[in-house]
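In our numbering, the protein residues as written are 2 to 92.
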């Protein structure tokens with residue numbers, strides 16, 4: 002598992018931890034970090050999401066990124082960064 006794959010997994014896990022409950026984002030994250038079972042489940046789900054994203058891109062007939070996981074994850078991470086910057090401009 003390369004650096005970009007790990008970073009994308011952390012992006013997914015972070016987003017899920019923030020939105021994991023009905024409390025504030027800070028409380029949700031604390032609840033996940035204090036419960037090893039929840040934390041393991043969070044990372045298992047994040048790995049599954051990375052695998053699904055990779056499979057979706059690799060199986061696309063017009064995939065311009067090839068079959069390299071690191072390259073595909075780098076592109077996804079860049080798109081996330083662009084989206085986050087666009088959202089910040091709107092706020």
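C-beta atoms are modelled at their ideal positions from N, C-alpha and C, and glycine is treated no differently.
Cβ-based neighbour list, residue i, same chain, cut-off 6 angstroms, excluding 5 preceding and 5 following
| i | result |
| --- | --- |
| residue 14 | 43, 44, 47 |
Beta-carbon proximity list for residue i, same chain, < 8 angstroms, skipping 5 on both sides
| i | result |
| --- | --- |
| residue 8 | 74, 78 |
| residue 39 | 21, 32, 33 |
Given residue i as reference, the closest of the options once Cα atoms are compared
| i | options | result |
| --- | --- | --- |
| residue 6 | 81, 71, 16 | 71 |
| residue 37 | 54, 18, 76 | 18 |
CA-to-CA distance, residue j to residue i, given in whole angstroms
| i | j | result |
| --- | --- | --- |
| residue 63 | residue 22 | 38 angstroms |
| residue 65 | residue 59 | 9 angstroms |
| residue 68 | residue 11 | 21 angstroms |
Residue i, DSSP secondary structure in three states
| i | result |
| --- | --- |
| residue 4 | helix |
| residue 79 | helix |
| residue 32 | helix |
| residue 46 | helix |
| residue 23 | coil |
| residue 68 | coil |
| residue 16 | helix |
| residue 63 | coil |
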